[in-house]
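According to my numbering, the sequence shown is numbered sequentially starting from 64. Each residue gets a CB set at the ideal place from its N, CA and C atoms; glycine is no exception. These figures come from a predicted structure and were not determined experimentally.
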Amino acid sequence: MRVPALALAAALVVPGSGSVHAGGHPTLGAPMCFGSAATIVGTGASETINGTPGPDVIVGGDGNDTINGLGGDDRICDPSGSNNVNLLRGGPGDDRLLGSASLHGGAGNDVLVVAGTVGSTVLVDGGTGNDTLRAPVLKALFTPGPGRDRVSGNSVPNDEVSYRRSTRGVVVDLATGVATGQGRDRITNVDWVTGSRYPDVLRGDGASNGLSGLRGEDILTGRGAQDFLIGGPGADTMNGGSGQDYCDGGVSDRRISCEHHS
64 MRVPALALAA ALVVPGSGSV HAGGHPTLGA PMCFGSAATI VGTGASETIN GTPGPDVIVG
124 GDGNDTINGL GGDDRICDPS GSNNVNLLRG GPGDDRLLGS ASLHGGAGND VLVVAGTVGS
184 TVLVDGGTGN DTLRAPVLKA LFTPGPGRDR VSGNSVPNDE VSYRRSTRGV VVDLATGVAT
244 GQGRDRITNV DWVTGSRYPD VLRGDGASNG LSGLRGEDIL TGRGAQDFLI GGPGADTMNG
304 GSGQDYCDGG VSDRRISCEH HS
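Right under this line is the structure:
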């Protein structure tokens with residue numbers, strides 16, 4: 064079941080009327096973030112907000128902020144949901160981040176959630192650890208790291224999962240929702256996949272997909288609907304499957320069931 068954007072924001076970020084100073088204890092009426100009262104709150108100006116070496120609950124203001132959780136298991140939220148927070152960084156702990164700009168979990172087992180009603184593509188970078196990356200709203204570019212990650216997009220077209228940083232080839236199958244190579248990830252509601260610099264095997268599902276192999280001798284299989292297959296450098300094999308498919312590659316590539324190609 065999909066959760067509406069405003070309902071998600073209301074569940075995780077509850078505005079209050081009190082004020083909280085950095086590193087202190089929450090006061091009456093402090094904003095809530097993932098069910099906990101804030102210990103650090105932005106002023107509303109454009110600023111850099113840094114946490115403490117311990118666990119923090121940080122809620123940004125209305126400005127264009129950069130928020131760094133630093134040490135501890137932190138909870139960081141953008142209460143406005145209006146793409147005001149530019150960058151959220153968790154740090155080395157097991158962190159939870161909610162926002163509509165760039166979310167970076169860092170080390171640890173993190174939970175990164177996209178929220179908001181406006182904005183372009185949200186960058187969601189799990190870092191190392193076993194992370195949960197969710198975008199129930201907006202369009203997201205997911206970058207899983209080493210570990211067993213769970214990636215979930217939404218019905219907005221062109222949610223993308225990227226393995227550009229992988230140090231080895233990957234096998235990604237959108238029909239089964241499994242990606243292996245730099246870990247073992249579970250993927251749902253994502254329609255675009257970018258592989259690594261190494262030989263990859265990328266397979267779509269029954270919907271319209273985009274598969275980009277980058278470097279290496281890649282095998283791209285679109286399956287159903289209209290697919291866009293991009294081979295990149297290397298002798299690639301591209302099979303569009305059923306539907307009116309587009310294949311883009313070099314002269315050494317093998318194209319199968321590609322109605323349109325360059």
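Check residue i in the structure and name its three-state DSSP category.
i, result
"N172", "coil"
"H84", "Residue placement at H84 is flagged as unreliable, the pLDDT there being 42, under the threshold of 50; a coordinate-derived value is accordingly withheld."
"F97", "coil"
"A242", "strand"
"A131", "Residue 131 is actually Asn in this sequence, not Ala. In this structure, N131 counts as strand in the three-state DSSP scheme."
"L237", "coil"
"S229", "coil"
"G210", "strand"
"R159", "strand"
Checking the sheet assignment: what are the DSSP bridge partners for residue i?
i, result
"R318", "M301"
"E223", "L204 and W255"
"D311", "I293"
"S275", "T257 and I293"
"N113", "N131"
"S165", "L150 and L186"
"V181", "DSSP lists no partner for V181."
"T195", "V174 and R213"
"R247", "T243"
"T284", "R266 and N302"
Around the Cβ of residue i, are there at least 16 other Cβ atoms within 10 angstroms (buried) or fewer (exposed)?
i, result
"P116", "exposed"
"S305", "exposed"
"R211", "exposed"
"A101", "buried"
"S259", "buried"
"V314", "exposed"
"S229", "buried"
"V198", "It is worth fixing the name first, because residue 198 is Ala in this sequence and not Val. A198 is buried by the Cβ-count criterion."
"S218", "exposed"
"V76", "Interpretation of V76 is limited by its pLDDT of 43, a score under 50 that renders its predicted location unreliable; no figure is taken from the coordinates."
"I250", "buried"
"I103", "buried"
"P94", "buried"
"I319", "exposed"
"V243", "According to the sequence shown, residue 243 is Thr rather than Val. Answer is exposed; the Cβ neighbour count stays below 16."
"T206", "buried"
"T111", "exposed"
"R266", "buried"
"A108", "exposed"
"G114", "buried"
"G156", "buried"
"G171", "buried"
"G98", "exposed"
CB residue i to CB residue j, shorter than 8 angstroms?
i, j, result
"Q245", "Y226", "yes"
"D173", "D158", "yes"
"T184", "L150", "no"
"G294", "G312", "yes"
"G182", "S163", "yes"
"D222", "K202", "yes"
"D308", "L292", "yes"
"G269", "G240", "no"
"V214", "D248", "yes"
"G168", "D136", "no"
"G285", "N252", "no"
"G105", "V122", "yes"
"G154", "L186", "no"
"G303", "R278", "no"
"R138", "C96", "yes"
"S271", "D299", "no"
When the cut-off is 8 angstroms and only beta carbons count, does residue i lie next to chain C?
i, result
"R227", "Absent here is chain C; the protein component of the structure consists of one chain."
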